[in-house]
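Here is the structure we will look at.
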């Protein structure tokens with residue numbers, strides 16, 4: 474069984490404040506007499522399902538091309554976890570204890586609430602994020618990749634971006650904007666492939682989860 | 474062994490005439506006092522490594538979201554094949570005979586010439602493409618995905634886009650702009666994940682080849 478957990482990059486999708494939705498326009502169009510339709514995309518890099526690169530928050534941090542494929546591809550745990558309002562270290566400790574996976578996607582009230590946030594037409598600032606203590610907990614345990622089911626790992630309105638700094642500073646790959654509504658918690662094979670944009674602070678990613686053979 | 478056969482989307486990479494190279498600009502920048510770097514991308518959809526969607530050439534054809542994941546992911550043959558000047562049906566018949574794979578990446582003089590075309594700084598119109606007879610040969614044999622190692626499957630300057638029409642018209646997924654220079658011919662597991670751009674005539678894709686266990 475294969476799940477595509479990518480949010481389609483449609484104009485008008487919920488976007489973080491300051492980001493505009495994606496814009497597609499036709500440079501050439503058959504209806505205008507051209508031989509082919511040839512489109513052009515204008516995209517804020519933190520829209521929809523995307524990765525963050527270290528340079529998003531770290532001086533001298535690498536761009537998207539530095540995210541290692543062996544972190545982006547491999548076994549992955551999708552975990553249903555309490556977020557009140559955000560995911561805490563205590564909640565992770567209660568659910569995972571000493572068995573921390575290399576790759577972890579957090580399925581929160583963003584996905585399981587009524588309605589789930591991706592069902593809304595506009596951005597909801599009340600989303601569940603990863604609390605600063607939880608980010609440090611994950612970084613200390615050398616998780617390689619962490620994903621969240623809405624537009625940021627950072628608690629909205631945080632005075633300092635301590636979640637991003639803890640994760641990116643520890644070399645953890647951050648995946649934001651996943652659509653985990655339809656995915657039962659459990660173990661999967663993750664394939665998270667961002668567009669190859671050297672130097673960029675983020676990139677749209679296509680993300681698949683496949684149930685594992687055993 | 475894993476090969477990333479994606480061309481990095483750098484400004485100034487060779488692009489098809491009429492396409493501009495990708496442009497990355499910072500909407501927010503730490504060096505300007507913002508909390509984070511937040512970039513925006515302007516990208517022609519047929520730049521670098523990308524897929525074509527049926528609507529690129531077919532009236533009423535589907536966008537990138539209609540390309541099936543079970544064509545984009547799976548076993549794949551990388552074939553060294555003569556192109557004089559383009560890949561012909563006879564060349565494919567000579568190399569493959571009746572054993573036609575579901576997914577086929579053509580490694581031509583674009584990759585093996587001196588210099589290979591991706592080593593050049595600007596677009597080279599003398600690239601090897603898929604001849605019209607070869608496209609019909611592939612479509613007739615119900616290949617699911619075909620990839621080429623430069624910017625178009627279509628012979629440059631073709632009076633009619635018969636290669637695209639044959640492949641897209643038969644539901645074959647077309648992948649262009651692969652960098653196959655470092656990949657020995659043989660069998661691989663292909664993972665070709667395009668950005669999820671509903672309605673778009675093409676999309677940048679990140680493409681991996683992995684050697685298979687047996």
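Chains as they are written, first to last, in my numbering: chain A, 474 to 687; chain B, 474 to 687. From the three backbone atoms N, C-alpha and C, an ideal C-beta is built for every residue, glycine too.
Q. For residue 675 (chain A), which residues in chain B fall below 8 angstroms Cβ to Cβ?
A. Here residue 675 (chain A) refers to the residue found at position 202 when the first chain is read from its first residue. Within chain B, the residues near residue 675 (chain A) are 511, 512.
**Q.** C-alpha distance - residue 501 (chain B) paired with residue 510 (chain B), whole-angstrom precision
**A.** Mapped onto the second chain, residue 501 (chain B) falls at position 28. Mapped onto the second chain, residue 510 (chain B) falls at position 37. When rounded, the distance between both Cα atoms is 5 angstroms.
Q. Hey, how far is the Cα of residue 539 (chain A) from the Cα of residue 508 (chain B)?
A. Position 66 of the first chain, counted from the first residue, corresponds to residue 539 (chain A). Position 35 of the second chain, counted from the first residue, corresponds to residue 508 (chain B). Using only the alpha carbons, I get a separation of about 22 angstroms.
Q.
I need the boundaries of the beta strand (DSSP E) containing residue 617 (chain B), first residue and last residue.
A. As a working note, residue 617 (chain B) is residue 144 in the second chain. Per DSSP, residue 617 (chain B) belongs to no beta strand (DSSP E) and is neither H nor E.
Q: Check whether the Cβ of residue 570 (chain A) lies closer than 8 angstroms to any Cβ atom in chain B.
A: As a first step, residue 570 (chain A) is located in the first chain; it is residue number 97 there, counting from the start. No, residue 570 (chain A) does not count as interfacial toward chain B.
**Q.** Closest Cα partner of residue 482 (chain B) within the set A:681, A:676, A:683
**A.** As a first step, residue 482 (chain B) must be located in the second chain, where it is residue number 9. Looking at the Cα atoms, A:676 is the closest of the given residues.
(Q) Could you tell me which whole beta strand (DSSP E) segments of length 3 or greater appear in the stretch 574-641 of chain B? (A) 576-580, 618-621
**Q.** residue 530 (chain B): contacting residues in chain C (beta-carbon distance under 7 angstroms)
**A.** The displayed structure is made up of protein chains A and B, and chain C is not among them.
Q: Decide yes or no for the touch test of the stretch 554-563 of chain B against the stretch 597-617 of chain B: beta carbon pairs closer than 8 angstroms, at least 3 of them.
A: yes
Q: State yes or no: is the C-beta of residue 601 (chain B) within less than 8 angstroms of the C-beta of residue 655 (chain B)?
A: For this step, residue 601 (chain B) is matched to residue 128 along the second chain. For this step, residue 655 (chain B) is matched to residue 182 along the second chain. Their beta carbons are not under 8 angstroms apart, which means residue 601 (chain B) does not touch residue 655 (chain B) by this criterion.
Q: Closer than 8 angstroms by beta-carbon distance: list the chain B residues that pair up with residue 538 (chain A), in chain order.
A: Taking the first residue of the first chain as 1, we reach residue 538 (chain A) at position 65. Ordered by position in chain B, the residues that pass the 8 angstroms Cβ test against residue 538 (chain A) are 481.
(Q) Could you check whether the stretch 589-601 of chain A touches the stretch 545-552 of chain A, counting it as contact only if at least three pairs of C-beta atoms, one from each stretch, sit closer than 8 angstroms? (A) no
Q | C-alpha gap between residue 687 (chain B) and residue 476 (chain A), whole angstroms | A | Walking along the second chain from the start, residue 687 (chain B) turns up at place 214. Walking along the first chain from the start, residue 476 (chain A) turns up at place 3. Low confidence applies to residue 687 (chain B): its pLDDT is 49, below 50, so where it sits in the model is not reliable enough to give any reading.
**Q.** Beta-carbon separation (whole angstroms), residue 536 (chain B) vs residue 670 (chain B), contact threshold 8 angstroms
**A.** Residue mapping note: residue 536 (chain B) aligns to position 63 of the second chain, counting from 1. Residue mapping note: residue 670 (chain B) aligns to position 197 of the second chain, counting from 1. Indeed they touch by this definition, with Cβ atoms about 7 angstroms apart.
Q: Note down the Cα distance separating residue 491 (chain B) from residue 570 (chain A), rounded to an integer number of angstroms.
A: Residue 491 (chain B) sits at position 18 when you count from the first residue of the second chain. Residue 570 (chain A) sits at position 97 when you count from the first residue of the first chain. Roughly 56 angstroms separates the two Cα atoms.
Q.
Rounded to whole angstroms, what is the Cα-Cα separation between residue 514 (chain A) and residue 521 (chain B)?
A. Walking along the first chain from the start, residue 514 (chain A) turns up at place 41. Walking along the second chain from the start, residue 521 (chain B) turns up at place 48. Each residue's alpha carbon lies about 14 angstroms from the other.
**Q.** residue 525 (chain A) classed as buried or exposed, judged by whether at least 16 other C-beta atoms fall within 10 angstroms
**A.** Taking the first residue of the first chain as position 1, residue 525 (chain A) is located at position 52. Burial call: buried.
Q: Answer yes or no: do residue 645 (chain A) and residue 624 (chain A) have a C-beta to C-beta separation smaller than 8 angstroms?
A: Working through the first chain from its first residue, we reach residue 645 (chain A) at position 172. Working through the first chain from its first residue, we reach residue 624 (chain A) at position 151. No, they are not a contact pair.
Q: Tell me whether residue 568 (chain A) sits in a helix, a strand or coil according to DSSP, three-state version.
A: Walking along the first chain from the start, residue 568 (chain A) turns up at place 95. Here residue 568 (chain A) sits in helix by DSSP.
Q: With 8 angstroms as the limit, tell me which residues of the stretch 637-664 of chain B have their beta carbon closer than that to any beta carbon of chain A; keep them in chain order.
A: 637, 664
Q) Quick one: what's residue 661 (chain A) bridged to in DSSP? A) Numbered from its first residue, the first chain carries residue 661 (chain A) at position 188. The partner list for residue 661 (chain A) (beta bridge, DSSP) reads A:549, A:684.
**Q.** Residues that residue 565 (chain B) contacts on chain A, provided the C-beta gap is smaller than 7 angstroms
**A.** Taking the first residue of the second chain as 1, we reach residue 565 (chain B) at position 92. Within chain A, no residue comes near residue 565 (chain B); the closest Cβ sits about 25 angstroms away, beyond 7 angstroms.
**Q.** Cβ neighbour criterion (16 or more within 10 Å) applied to residue 487 (chain B)
**A.** Residue mapping note: residue 487 (chain B) aligns to position 14 of the second chain, counting from 1. Residue 487 (chain B) should be labelled buried.
Q) Which of helix, strand or coil does DSSP assign to residue 523 (chain A)? A) Here residue 523 (chain A) refers to the residue found at position 50 when the first chain is read from its first residue. DSSP places residue 523 (chain A) in strand when its eight states are reduced to three.
**Q.** Unbroken beta strand (DSSP E) run spanning residue 674 (chain B), endpoints
**A.** Indexing the second chain from 1 puts residue 674 (chain B) at position 201. It is not in any beta strand (DSSP E) - residue 674 (chain B) carries neither H nor E in the DSSP assignment.
Q: Between the Cα of residue 554 (chain A) and those of A:678, A:653, A:663, spot the shortest distance and give me the residue it belongs to.
A: Reading the first chain from its first residue, position 81 is the one you call residue 554 (chain A). It is A:653.
**Q.** Burial state of residue 479 (chain B) (16 or more Cβ within 10 Å)
**A.** In the second chain, residue 479 (chain B) corresponds to position 6, counting from 1. When all chains shown are included, residue 479 (chain B) counts as buried.
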